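**Q** One structure is given below, represented as C-alpha cells, and several questions about it will come after.
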Amino acid sequence: MIGNLPFVACMVLIALGLWTLVFKRNLIKLVIGIGLIESGVNLFLVALGYVRGGVPPIYTYAPAGAPMVLPTPQALTLTSIVIGLATTALMLAFAVVIYRHKGTLDARKIRDLRG
Amino acid sequence: MTVVVRTVARVLFPVALVFGGYVIMHGHLTPGGGFQGGAVAASALAMVLVAFGAGRLKDKKGLLSALESLGGTAFVVLGFLGLGLTYFANVLAGSYGLFGRPVPYGPNPGDLNTAGTLPLMNWAVGFKVLAGLGAAVLLFALFGGEDDR
Amino acid sequence: MSRWVALAAFLLVAGFLLFGAVALRPFGDPPRTEMDQYFNRYSQPEVAANNAVTAIVFDYRGYDTLGEATVLFTAVTGVALILRRLRA
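Given below as C-alpha cells:
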C-alpha cells in the first residue's frame, strides 16, 4: 500500500481532473481539468518505468553499476506532453471563439445549437 | 507593463534564448533535447510578449512561419538521409564525419561530436517547437484579447 | 438528482482508479522487458548517443516524433485559422 504511494498520487491528480470535468461549468476550468488529467497520466507513465535505486538512462557521468530507469515510457511521455500542449492551445482557441459568439463561458448556456 | 518588468525582460530575453539553445545542443548528452529547449526559448518569446505587448512582435509572424517550415522540412530530410537502410536510420553515427565520433560503452564524460543525425534533428525539432509555440502564443495575444490594446 | 448520479459515477470511477493504483505492481519494480534492456544496452553502440531517451525519440521511434511534429503543426494551424477569422 504505502509503497504504491506515487501511483496513488497520480490517481488522485486524475480524479481531481475528473471532478473538475464533472462538476464545473466554466470552459476555462474544464480546460484546466483536462490539463490535470494529462499531468496525472504523464506522471503515471513515468512512474511506471521507475526502477528502485535507478539513475536516469543517460551515460554522461552516470554512476557505475546503478540500474537504469526504463527509457521507453519517458520517451513516449515526451510525445504525450507535446500533444497535450497542442490540444490545450486548440481548446483555448475554441473557448475564445465561443466567448465571442455567445458572450459567456458557462457550459450550460452554450449547450443549445442556436446562433 | 511597467519599466521594471520591461527592463528585466530585456535582460532575461537573450539569457533564456541561450539557455534554450544550450538545452537543444546538449540533447544527446544531458537531460533535454529539441522539445524542451524549444519550449524554453518559446517561453522567452512569451515573456517579451507579456512585457512589451503584442504589437512589438506583430511583424514576426512570417519569420515564425518560415522557422516552423524550415524545422519540419529539415527533420523530414534528415529522416530521408538514412533511406539506404530504413527511414530514420542513423547514417552519420560512427562515420567519423559530422557528429560521427564513436562513444565508448559505459559511463563517460560525453562528447558533443557524437550521435550522428541526433543533434541535427534536435535543432530541427527545437526550431519547430519554438516557432510553433511562439506562433500560438502570439496569435492568442494578437487576436484573442478583449479589446485592441 | 442528476448531480447525485454524477457524484455516484465520479466516486465509482475514482474508487476504481485508487483501487487500481494500490493493486498494481509494487512501485520501483517494473517488468523487465527485453525492449527496454535493449535500448539501454545498445543506444551507445548503435546510435552513439549517451542519452537513451533521445536515442529512442529520434532514432528508434522516429516515426512517432514525425507524427508528433505533425500534430503540433496541425494544432498551430487550427489556432491560427480559428482566431484569425474573428478579427479579420
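In the order they appear, the protein sequences are chains A, B and C.
The first sequence maps to residues 1 to 115 in my numbering.
The second sequence maps to residues 1 to 149 in my numbering.
The third sequence maps to residues 1 to 88 in my numbering.
Every residue gets a Cβ at the ideal spot worked out from N, C-alpha and C, and that includes glycine.
Note that the coordinates shown come from a computational prediction; the quantities given were computed from them, not determined experimentally.
#1: Using only the alpha-carbon positions, how far apart do ILE56 of chain C and VAL8 of chain B sit?
#2: So, is the C-beta of LEU67 of chain B closer than 8 Å to a C-beta in chain C?
#3: Would a check of beta-carbon distances place ARG149 of chain B closer than 8 Å to chain A?
#4: Using the Cβ count rule (16 or more neighbours within 10 Å means buried), how would you classify LEU78 of chain A?
#5: Any chance the region 91–100 of chain A sits against the region 133–145 of chain B, with 3 or more Cβ pairs inside 8 Å?
#6: Mind checking if LYS60 of chain B is an interface residue toward chain C, Cβ cutoff 8 Å exclusive?
#7: Along the chain, where does the alpha helix (DSSP H) containing VAL82 of chain A start, and where does it finish?
#8: Relative to the C-alpha of GLU34 of chain C, which candidate in A:THR72, A:GLY65 and A:VAL31 has its C-alpha closest?
#9: Would you mind giving the Cβ-Cβ distance between MET11 of chain A and LEU18 of chain C, rounded to the nearest angstrom? I have them listed as a contact below 8 Å.
#10: List the whole-angstrom C-beta distance separating PHE88 of chain B from GLY82 of chain B, where the pair is believed to meet the contact cut-off of C-beta under 8 Å.
#11: Going by the beta-carbon positions, is the gap between GLU68 of chain C and ILE83 of chain A smaller than 8 Å?
#12: Alpha carbon to alpha carbon, what distance is there between PRO104 of chain B and PHE23 of chain A?
#13: To which residues of the same chain is ASN113 of chain B closer than 7 Å at the C-beta, ignoring the five residues directly before and after it?
#14: Less than 8 Å between the C-beta atoms of PHE80 of chain B and VAL125 of chain B, yes or no?
#15: Once DSSP output is grouped into helix, strand and coil, what is the label at ARG149 of chain B?
#16: Flag this pair as yes or no: are the beta carbons of GLY40 of chain A and ILE81 of chain A separated by less than 8 Å?
#17: Could you check the C-alpha separation between VAL31 of chain A and ARG25 of chain A for me, to the nearest Å?
#18: For ALA50 of chain C, decide whether its Cβ has a neighbour in chain B, counting only Cβ atoms nearer than 8 Å.
#19: GLY34 of chain B and VAL129 of chain B - do their beta-carbons sit closer together than 8 Å?
#20: Among the candidates B:MET47, B:VAL77 and B:HIS28, whose CA atom is the shortest distance from the CA of VAL15 of chain B?
#21: Can you tell me whether ASP59 of chain C is helix, strand or coil according to DSSP?
#22: Against chain A, does PRO102 of chain B count as a neighbour if the rule is that its beta carbon must be under 8 Å from one of theirs?
#23: Assign MET11 of chain A to one of three DSSP states: helix, strand, or coil.
#24: Among residues of its own chain, excluding the 5 on either side of LEU45 of chain B, which ones have a beta-carbon nearer than 7 Å to its beta-carbon?
#25: For THR70 of chain C and ARG111 of chain A, I'd like the C-alpha separation in whole angstroms.
#26: Output needed in chain order: residues of the region 44–74 of chain C with a Cβ under 8 Å from some Cβ in chain B.
#27: Three-state secondary structure (DSSP) at ILE34 of chain A?
#28: Go through its chain and collect everything with a Cβ distance to TRP19 of chain A's Cβ below 8 Å, but skip five positions before and after it.
#29: Cα-Cα, which of C:ARG32, C:GLN44 and C:ALA49 is closest to VAL51 of chain A?
#30: Pull the bridge partners of MET68 of chain A from the DSSP assignment, please.
#31: With a cut-off of 8 Å on the beta carbons, I'd call LEU27 of chain A and ALA107 of chain A a contact; round off their distance for me.
#32: Which same chain residues, not among the five before or five after GLU68 of chain B, have their C-beta less than 6 Å away from its C-beta?
#33: Provide the residue(s) that pair with THR60 of chain A in DSSP beta bridges, ordered along the chain.
#34: Can you say whether PRO67 of chain A is buried or exposed, counting buried as having 16 or more other CB atoms within 10 angstroms of its CB?
#35: For a test of the three-state rule: what should DSSP assign to ASN26 of chain A, helix, strand or coil?
**A** So, from the listed chains and residues:
#1: Within the third sequence, residue 56 of chain C is the residue found at index 56, counting from 1. Within the second sequence, residue 8 of chain B is the residue found at index 8, counting from 1. Each residue's alpha carbon lies about 38 Å from the other.
#2: For this step, residue 67 of chain B is matched to residue 67 along the second sequence. LEU67 of chain B does not count as touching chain C.
#3: Along the second sequence, one-based indexing puts residue 149 of chain B at 149. With a pLDDT of only 39 at ARG149 of chain B, under 50, the local geometry of the prediction cannot be trusted, and the value read off the model is given with reservation. It does not: the Cβ of ARG149 of chain B has no partner Cβ on chain A nearer than 8 Å.
#4: Working through the first sequence from its first residue, we reach residue 78 of chain A at position 78. That one is buried.
#5: yes
#6: Here residue 60 of chain B corresponds to residue number 60 of the second sequence, with the count starting at 1. Chain C, which has no Cβ nearer than 8 Å to the Cβ of LYS60 of chain B, makes this no.
#7: The count along the first sequence starts at 1 and reaches residue 82 of chain A at position 82. Unbroken alpha helix (DSSP H) run through VAL82 of chain A: 71–102.
#8: Numbered from its first residue, the third sequence carries residue 34 of chain C at position 34. Taking GLU34 of chain C as reference, the option from A:THR72, A:GLY65 and A:VAL31 with the minimal CA-CA separation is A:THR72.
#9: As a first step, residue 11 of chain A must be located in the first sequence, where it is residue number 11. As a first step, residue 18 of chain C must be located in the third sequence, where it is residue number 18. Indeed, because the Cβ distance is near 5 Å, the residues count as touching under 8 Å.
#10: In the second sequence, residue 88 of chain B corresponds to position 88, counting from 1. In the second sequence, residue 82 of chain B corresponds to position 82, counting from 1. Rounded, the Cβ-Cβ distance is 6 Å, consistent with contact.
#11: Counted from its first residue, the third sequence places residue 68 of chain C at position 68. Counted from its first residue, the first sequence places residue 83 of chain A at position 83. It is a contact, given that the beta carbons lie within the stated cut-off.
#12: Locating residue 23 of chain A in the first sequence gives position 23, where the first residue counts as 1. Locating residue 104 of chain B in the second sequence gives position 104, where the first residue counts as 1. In a straight line, the C-alpha of PHE23 of chain A is about 56 Å away from that of PRO104 of chain B.
#13: Translated into positions along the second sequence, residue 113 of chain B becomes position 113. The residues are PHE99 and ARG101.
#14: Position 80 of the second sequence holds residue 80 of chain B. Position 125 of the second sequence holds residue 125 of chain B. In this structure, VAL125 of chain B does not lie closer than 8 Å to PHE80 of chain B by Cβ.
#15: Within the second sequence, residue 149 of chain B is the residue found at index 149, counting from 1. Unreliable placement is indicated for ARG149 of chain B, whose pLDDT of 39 sits below 50; the coordinate value is still reported in the next sentence. Here ARG149 of chain B sits in coil by DSSP.
#16: What you label residue 40 of chain A is simply residue 40 of the first sequence in a count that begins at 1. What you label residue 81 of chain A is simply residue 81 of the first sequence in a count that begins at 1. Cβ distance not < 8 Å, so GLY40 of chain A and ILE81 of chain A don't count as in contact.
#17: Taking the first residue of the first sequence as position 1, residue 31 of chain A is located at position 31. Taking the first residue of the first sequence as position 1, residue 25 of chain A is located at position 25. Taking the straight line joining both Cα atoms gives about 11 Å.
#18: Residue 50 of chain C sits at position 50 when you count from the first residue of the third sequence. According to the sequence shown, residue 50 of chain C is Asn rather than Ala. Yes, contact with chain B.
#19: Mapped onto the second sequence, residue 129 of chain B falls at position 129. Mapped onto the second sequence, residue 34 of chain B falls at position 34. In this structure, GLY34 of chain B lies closer than 8 Å to VAL129 of chain B by Cβ.
#20: As a working mapping, residue 15 of chain B is identified with position 15 in the second sequence. It is B:MET47.
#21: Along the third sequence, one-based indexing puts residue 59 of chain C at 59. Reduced to three states, the DSSP call for ASP59 of chain C is helix.
#22: Here residue 102 of chain B refers to the residue found at position 102 of the second sequence. Closer than 8 Å: no.
#23: Here residue 11 of chain A refers to the residue found at position 11 when the first sequence is read from its first residue. DSSP places MET11 of chain A in helix when its eight states are reduced to three.
#24: For the purposes of this step, residue 45 of chain B is identified with residue 45 of the second sequence, where counting begins at 1. So the qualifying residues of the chain are GLY134 and VAL137.
#25: As a position in the third sequence, residue 70 of chain C is number 70, starting the count at 1. As a position in the first sequence, residue 111 of chain A is number 111, starting the count at 1. So the alpha carbons of these two residues sit roughly 31 Å apart.
#26: GLN44, PRO45, GLU46, VAL47, ALA48, ALA49, ASN50, ASN51, VAL53, THR54, ALA55, VAL57, PHE58, ASP59, GLY62, TYR63, THR65, LEU66, ALA69, LEU72 and PHE73
#27: Sequence index remark: in the first sequence, residue 34 of chain A carries index 34 (1-based). Three-state result, ILE34 of chain A: helix.
#28: As a position in the first sequence, residue 19 of chain A is number 19, starting the count at 1. Counting only Cβ-Cβ distances below 8 Å, and skipping sequence neighbours, we find GLY33.
#29: Here residue 51 of chain A refers to the residue found at position 51 of the first sequence. Comparing Cα positions, the closest option is C:ARG32.
#30: For the purposes of this step, residue 68 of chain A is taken as the residue at position 68 of the first sequence. MET68 of chain A pairs with A:VAL55.
#31: Here residue 27 of chain A corresponds to residue number 27 of the first sequence, with the count starting at 1. Here residue 107 of chain A corresponds to residue number 107 of the first sequence, with the count starting at 1. Yes, they are in contact, since the Cβ atoms of LEU27 of chain A and ALA107 of chain A sit about 6 Å apart, within 8 Å.
#32: Taking the second sequence and counting its residues from 1, the one referred to as residue 68 of chain B is at position 68. If we look at GLU68 of chain B and ignore the five residues flanking it on each side, its Cβ neighbours are LYS128, ALA131 and GLY132.
#33: Counting from one through the first sequence, the residue named residue 60 of chain A turns up at place 60. In the DSSP output, where bridge partners are listed per residue, THR60 of chain A has B:ASN108.
#34: By 1-based counting over the first sequence, the position of residue 67 of chain A is 67. By the neighbour-count rule (16 or more Cβ atoms within 10 Å), PRO67 of chain A is not buried but exposed.
#35: On the first sequence, residue 26 of chain A is found 26 positions in, with the first residue counted as 1. Strand.
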